[in-house]
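Colleague: Note that the protein sequences, when read in sequence, are chains X and H. Quick note, in our numbering, the first sequence goes up one by one and the last residue is 302. Quick note, in our numbering, the second sequence goes up one by one and the last residue is 1402. Dumping the structure here so I can ask a few things about it.
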Amino acid sequence: MDQQREVRAQQIASEPMRPAGPRHGFFSGTFESIRDVWSHRELLDQLIRREVRARYKDSVLGFFWSLAKPLAMLFVYYVALGKFLGAARSIPDFAIFIFAGLTAWQLFGDIVILGTASIVGNAGLIKKVYVPRELFPLSVVGSSLFTFAIQLGVLVAATAALGRFPTGDRWIFFVLALAVIVPLATALALLLSATNVYLRDVQYLVEIMLMIFMWASPIVYSWGLVQKELATHPLLQQLYLANPMTLVVLGFQKAFWVAGDGQPFPAHLGRSLVLMFGISMVLLWFSQRVFARLQSNFAQEL
Amino acid sequence: MSTTVIEIKDLSKRFVIRKDKSLKERLINAQRSKLHRDDFWALRDVNISIDSGSTIGLIGPNGSGKSTLLKMIGGILQPTSGTVSLRGRVAALLELGAGFHPDLTGRENVYLNASLQGLTRLQTDRYFDAIVDFSGIERFIDTQVKFYSSGMYVRLAFAVAVHVDPDILLVDEVLAVGDEPFQRKCMDRIRSFQHEGRTIVLVTHGLDTVAEICDRAVVLESGRVIADGEPRDALRVLRSEFEQSRHDDIERQQAADQHDSPEIPRAHIEGIEVLSSGTLVREVPVGAPLTVRVHVRAEEPLEDWILGFGIETSVGQTIYGTNSKLLGVHLPVLRGVESYDFTIPAADIGEGAYTFHGAIAIQTGAEVHRLLQGASLTVAADGRETGFIHLRTSLTPTAVTA
Chain X
1 MDQQREVRAQ QIASEPMRPA GPRHGFFSGT FESIRDVWSH RELLDQLIRR EVRARYKDSV
61 LGFFWSLAKP LAMLFVYYVA LGKFLGAARS IPDFAIFIFA GLTAWQLFGD IVILGTASIV
121 GNAGLIKKVY VPRELFPLSV VGSSLFTFAI QLGVLVAATA ALGRFPTGDR WIFFVLALAV
181 IVPLATALAL LLSATNVYLR DVQYLVEIML MIFMWASPIV YSWGLVQKEL ATHPLLQQLY
241 LANPMTLVVL GFQKAFWVAG DGQPFPAHLG RSLVLMFGIS MVLLWFSQRV FARLQSNFAQ
301 EL
Chain H
1001 MSTTVIEIKD LSKRFVIRKD KSLKERLINA QRSKLHRDDF WALRDVNISI DSGSTIGLIG
1061 PNGSGKSTLL KMIGGILQPT SGTVSLRGRV AALLELGAGF HPDLTGRENV YLNASLQGLT
1121 RLQTDRYFDA IVDFSGIERF IDTQVKFYSS GMYVRLAFAV AVHVDPDILL VDEVLAVGDE
1181 PFQRKCMDRI RSFQHEGRTI VLVTHGLDTV AEICDRAVVL ESGRVIADGE PRDALRVLRS
1241 EFEQSRHDDI ERQQAADQHD SPEIPRAHIE GIEVLSSGTL VREVPVGAPL TVRVHVRAEE
1301 PLEDWILGFG IETSVGQTIY GTNSKLLGVH LPVLRGVESY DFTIPAADIG EGAYTFHGAI
1361 AIQTGAEVHR LLQGASLTVA ADGRETGFIH LRTSLTPTAV TA
């Protein structure tokens, strides 16, 4: 028995003392935060599984529900806007057009809305165990990507069914657009989930802002209409294009909406997306640092 | 050789309690924001260093900062000033199944919880059977945990925590939920942890548990360490602390009751003496006749009162108690200073050091005054028995033939 104690004491003695919990400087901590999250990647995997499994547990149709909402939206927009308001007449393959935009938007909206609530929603855990708190917003990112993958599968299947399957260069736009959404939405999720702990109003505000931005992106109407309307206001056009989600949605349409090839698209879409990717990455870094700063008081504020 | 595994230096923790949480309230109260904040020091200048292989009990009254300190060791709360540093793997057993998702099955939760505590999937696979076996809920392992009873929750949580192979185990007042066989199982496991040289930090209100398993106890009071050392010394400090607060309570009540009826009368136990065969004693042989003489004083005549005494072990566990009501004796009106004798023909209590307390109560049962450790007594024996009672056991050295 004493021997066992000795062995353990010696083993522990060889380890250096470390502070309990995280404490890094604002700039120097980036690397440590990444390493913290990386060393907990298995837990992240578990948390993502939990999100996915628990979401539709006990419902008979299960994963079907993650498709039901976008399909219902597709139906509503297709009938109301496309047929009754006549948008389908000026936009070929209107269903694919809408669904491409909705798929991109759904991913963004899911990450931001569920991510914002993720810290408060996991209060029980955060108050009791120390794990890098970034894992909670990140697990939302993971589970949203899972839902997104299913939806994307439906979108691609639909293009194939219509005989206009996207090929070749088009996929570059998809990759670029996705490379903007993920860091951008993650950055917002980190920032908003942390502020939501201190100000619960944030989560309600987020829902309203998302609704506004959804209509500020060319999802159910085309960029061509906006261009026509704002033809005399180049500044407003630039402002409209400064919305990162506008670029992302256009990117998705460029990739999957094969019938829209003759339709107007803003110039240099690819270049804008690359630029936006850079901006998103900077924002992601900044959000993570703010998150790291705010997280030290999470347990007592929840 | 022992190594310091947890080093707490000048640790302070301040909580700011804001009474307004929403944006609207903040804006409205922006001018008076100072009024809507309360500062509260949960911990103040705490210095503790814990060696590997020791078992520490953190004790103290409610709100003294025990759980806060435990959370800071676990890294869940960040210090306002000072540092907590540690080494080795930490596993925390904090409250009912924290980290269990109600919609997932027991099996899924074991994996989730284990990975929260830092176990890899492969390791969990290896320990899974042992975990389920230890928890004793094989039948329900594939049931969603929302259907579990609170006891089953704790069983599973504890089973995971002890299989994490921690160097430091943090336990926060949870074991009380399981049933007795499981509690015993937990205690056994904690003992084997001690043998293996792991460090255990325990927050509990069960003072007997502390006396039983800890080799060191830290008493906190309003965020400060007021005692740190041998459990028996720490427990004595804490118990007298409790006594003081109860005393204050009674006095406050007496002050408040001056205007109100039913009045709590003012009377005191002045002192206790233990005599044997008519002389004051500090040490007696086992089985000696004893007289417990209690001196009482009443500020005003006291009718219908009850006088009692009790015997405690050195760590404060009560082993005996009685009073005039239980003995069926009605005491005459108490005026001024008087003394009463409780007579014990043969004190068959086991070897050890004991203390005596005395108490006065009124017929409703409300306590008027209690004097703790009014007298102390050592019982000497020949080491033929252990425990608190003397049974005069003997053994015949021949096998019994049926």
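The beta carbon of each residue, even a glycine, is placed where N, CA and C say it ideally should be. This one's a predicted model, so the numbers in the text were calculated from it and none came from an experiment.
Put residue 1382 of chain H into one of helix, strand or coil per three-state DSSP.
Modeller: Sequence index remark: in the second sequence, residue 1382 of chain H carries index 382 (1-based). Here residue 1382 of chain H sits in coil by DSSP.
Colleague: Answer with buried or exposed for residue 128 of chain X, where buried requires no fewer than 16 other C-beta atoms within 10 angstroms of its C-beta.
Modeller: On the first sequence, residue 128 of chain X is found 128 positions in, with the first residue counted as 1. It counts as buried.
Colleague: At a CB-CB cut-off below 9 Å, which residues of chain X make contact with residue 1121 of chain H?
Modeller: Within the second sequence, residue 1121 of chain H is the residue found at index 121, counting from 1. Chain X residues near residue 1121 of chain H: 42, 45, 46.
Colleague: Hey, is the stretch 287-295 of chain X in contact with the stretch 194-208 of chain X, meaning 3+ C-beta pairs nearer than 8 Å?
Modeller: At 8 Å Cβ cutoff, the stretches touch.
Colleague: Report buried or exposed for residue 240 of chain X, applying the criterion of at least 16 other Cβ atoms within 10 angstroms of its Cβ.
Modeller: Residue 240 of chain X sits at position 240 when you count from the first residue of the first sequence. By the 10 Å Cβ count, residue 240 of chain X comes out buried.
Colleague: Is the stretch 1146-1155 of chain H touching the stretch 1113-1126 of chain H in the sense that three or more CB pairs, one from each, lie closer than 8 Å?
Modeller: With the cut-off at 8 Å, the stretch 1113-1126 of chain H and the stretch 1146-1155 of chain H do not touch.
Colleague: Residue 1007 of chain H touches chain X at which residues, Cβ-Cβ below 9 Å?
Modeller: By one-based count along the second sequence, residue 1007 of chain H stands at place 7. 17, listed in chain order.
Colleague: Less than 9 Å separating the beta-carbons of residue 1114 of chain H and residue 1137 of chain H?
Modeller: As a first step, residue 1114 of chain H must be located in the second sequence, where it is residue number 114. As a first step, residue 1137 of chain H must be located in the second sequence, where it is residue number 137. Result no, Cβ atoms of residue 1114 of chain H and residue 1137 of chain H do not sit closer than 9 Å.
Colleague: Can you give me the C-alpha to C-alpha distance between residue 1303 of chain H and residue 1336 of chain H, rounded to a whole angstrom?
Modeller: Here residue 1303 of chain H refers to the residue found at position 303 when the second sequence is read from its first residue. Here residue 1336 of chain H refers to the residue found at position 336 when the second sequence is read from its first residue. The alpha-carbon atoms of residue 1303 of chain H and residue 1336 of chain H are separated by roughly 12 Å.
Colleague: Would you tell me roughly how many angstroms separate the C-alpha atoms of residue 210 of chain X and residue 253 of chain X, rounded to the nearest one?
Modeller: Counting from 1 along the first sequence, the entry for residue 210 of chain X is found at position 210. Counting from 1 along the first sequence, the entry for residue 253 of chain X is found at position 253. If you take the alpha carbons of residue 210 of chain X and residue 253 of chain X, they lie about 20 Å apart.
Colleague: Report the residue from X/212, X/32, X/89 whose alpha carbon sits nearest the alpha carbon of residue 245 of chain X.
Modeller: As a first step, residue 245 of chain X must be located in the first sequence, where it is residue number 245. Among X/212, X/32, X/89, the Cα nearest to that of residue 245 of chain X is on X/212.
Colleague: Answer with buried or exposed for residue 1236 of chain H, where buried requires no fewer than 16 other C-beta atoms within 10 angstroms of its C-beta.
Modeller: Counting from one through the second sequence, the residue named residue 1236 of chain H turns up at place 236. Buried, because 16 or more other Cβ atoms sit within 10 Å of the Cβ of residue 1236 of chain H.
Colleague: For residue 1049 of chain H, which three-state DSSP category applies?
Modeller: Indexing the second sequence from 1 puts residue 1049 of chain H at position 49. It is a strand residue.
Colleague: For residue 21 of chain X and residue 130 of chain X, which I take to be in contact (beta-carbon distance under 8 Å), what is that distance rounded to the nearest angstrom?
Modeller: As a first step, residue 21 of chain X is located in the first sequence; it is residue number 21 there, counting from the start. As a first step, residue 130 of chain X is located in the first sequence; it is residue number 130 there, counting from the start. At roughly 6 Å, the Cβ-Cβ gap stays under 8 Å, so residue 21 of chain X and residue 130 of chain X are in contact.
Colleague: For residue 1091 of chain H versus residue 1169 of chain H, is the C-beta distance shorter than 9 Å?
Modeller: In the second sequence, the residue the question calls residue 1091 of chain H occupies position 91. In the second sequence, the residue the question calls residue 1169 of chain H occupies position 169. In this structure, residue 1169 of chain H lies closer than 9 Å to residue 1091 of chain H by Cβ.
Colleague: Excluding the five sequence neighbours on either side, which residues of its own chain have a C-beta within less than 7 Å of the C-beta of residue 1271 of chain H, listed in chain order?
Modeller: Locating residue 1271 of chain H in the second sequence gives position 271, counting from the first residue. Result list for residue 1271 of chain H: 1295, 1374, in chain order.
Colleague: Can residue 1056 of chain H and residue 1227 of chain H be called in contact, C-beta distance under 9 Å?
Modeller: Position 56 of the second sequence holds residue 1056 of chain H. Position 227 of the second sequence holds residue 1227 of chain H. Against a cut-off of 9 Å, the Cβ pair of residue 1227 of chain H and residue 1056 of chain H comes out as no contact.
Colleague: Note down, one range per segment and in chain order, each beta strand (DSSP E) of at least 3 residues found wholly within the stretch 1056-1092 of chain H.
Modeller: Listed in chain order, they are 1081-1086.
Colleague: Is it buried or exposed for residue 1013 of chain H, if we count other Cβ within 10 angstroms and need 16 for buried?
Modeller: One-based indexing of the second sequence puts residue 1013 of chain H at position 13. Buried is the call here.
Colleague: Could you pull the start and end residues of the beta strand (DSSP E) that residue 299 of chain X belongs to?
Modeller: What you label residue 299 of chain X is simply residue 299 of the first sequence in a count that begins at 1. Here residue 299 of chain X belongs to no beta strand (DSSP E); instead the alpha helix (DSSP H) covers 298-301.
Colleague: Compile a chain-ordered list of the residues in the stretch 122-139 of chain X whose CB is closer than 7 Å to at least one CB of chain H.
Modeller: Answer set for the stretch 122-139 of chain X: 124, 125, 127, 128, 129, 130, 131.
Colleague: Tell me the DSSP secondary structure of residue 1297 of chain H in three-state form.
Modeller: One-based indexing of the second sequence puts residue 1297 of chain H at position 297. Correct three-state label for residue 1297 of chain H: strand.
Colleague: By the DSSP assignment, the alpha helix (DSSP H) with residue 219 of chain X in it spans what residues?
Modeller: On the first sequence, position 219 is the one that residue 219 of chain X refers to. No alpha helix (DSSP H) contains residue 219 of chain X, which DSSP labels as neither H nor E.
Colleague: Counting only runs that start and end within the stretch 61-105 of chain X, where is the alpha helix (DSSP H) found for 4 or more residues in a row?
Modeller: Here the runs fully enclosed are 64-77, 87-90.
Colleague: Excluding the 5 residues preceding and the 5 following residue 1071 of chain H in the sequence, name in chain order all residues of the same chain whose CB lies nearer than 7 Å to its CB.
Modeller: Taking the second sequence and counting its residues from 1, one reaches residue 1071 of chain H at position 71. So the qualifying residues of the chain are 1077.
Colleague: Out of X/185, X/208, X/256, which one is the CA nearest neighbour of residue 142 of chain X?
Modeller: Indexing the first sequence from 1 puts residue 142 of chain X at position 142. That would be X/185, whose Cα lies nearest to the Cα of residue 142 of chain X.
Colleague: Residue 1354 of chain H and residue 1326 of chain H look like a contact to me (Cβ under 8 Å); what is the Cβ gap, rounded to whole Å?
Modeller: Indexing the second sequence from 1 puts residue 1354 of chain H at position 354. Indexing the second sequence from 1 puts residue 1326 of chain H at position 326. Not really, about 20 Å apart at Cβ, beyond 8 Å.
Colleague: Using beta-carbon positions only, say whether residue 1049 of chain H and residue 1008 of chain H come within less than 9 Å of one another.
Modeller: Here the question's residue 1049 of chain H lines up with position 49 in the second sequence. Here the question's residue 1008 of chain H lines up with position 8 in the second sequence. Result yes, Cβ atoms of residue 1049 of chain H and residue 1008 of chain H sit closer than 9 Å.
Colleague: For the stretch 1065-1076 of chain H, list every residue whose C-beta sits within 8 Å of some C-beta in chain X, in sequence order.
Modeller: Within the stretch 1065-1076 of chain H, the residues whose Cβ lies closer than 8 Å to some Cβ of chain X are 1071, 1072, 1073, 1074, 1075, 1076, listed in chain order.
Colleague: Are the CB atoms of residue 217 of chain X and residue 249 of chain X nearer to each other than 9 Å?
Modeller: On the first sequence, position 217 is the one that residue 217 of chain X refers to. On the first sequence, position 249 is the one that residue 249 of chain X refers to. For residue 217 of chain X and residue 249 of chain X, yes; Cβs fall inside 9 Å.
Colleague: Using beta carbons (cut-off 9 Å, strictly below), is residue 1087 of chain H in contact with chain X?
Modeller: Looking up residue 1087 of chain H in the second sequence gives position 87. Chain X, which has a Cβ nearer than 9 Å to the Cβ of residue 1087 of chain H, makes this yes.
Colleague: With DSSP as the reference, label residue 1261 of chain H as helix, strand or coil.
Modeller: Taking the second sequence and counting its residues from 1, the one referred to as residue 1261 of chain H is at position 261. Bear in mind that the predicted position of residue 1261 of chain H carries a pLDDT of just 45, short of 50, making it unreliable; the figure below should be weighed with that in mind. Coil.
Colleague: Out of H/1100, H/1046, H/1243, H/1051, which has the shortest C-alpha to C-alpha gap to residue 1080 of chain H?
Modeller: Within the second sequence, residue 1080 of chain H is the residue found at index 80, counting from 1. Residue 1080 of chain H has its Cα closest to that of H/1046, out of H/1100, H/1046, H/1243, H/1051.
Colleague: Check each candidate in H/1158, H/1107, H/1103, H/1165 and name the one with the smallest Cα separation from residue 1140 of chain H.
Modeller: Your numbering for residue 1140 of chain H matches position 140 in the second sequence. Considering only alpha carbons, the answer is H/1107.
Colleague: Can you tell me which of X/95, X/267, X/46 puts its alpha carbon nearest to the alpha carbon of residue 164 of chain X?
Modeller: As a working mapping, residue 164 of chain X is identified with position 164 in the first sequence. Here the closest residue by C-alpha is X/95.
Colleague: Assuming the contact rule is C-beta atoms closer than 8 Å, residue 176 of chain X and residue 81 of chain X should be a hit. Round their C-beta distance to whole Å, please.
Modeller: Looking up residue 176 of chain X in the first sequence gives position 176. Looking up residue 81 of chain X in the first sequence gives position 81. Not a contact, Cβ separation roughly 27 Å.
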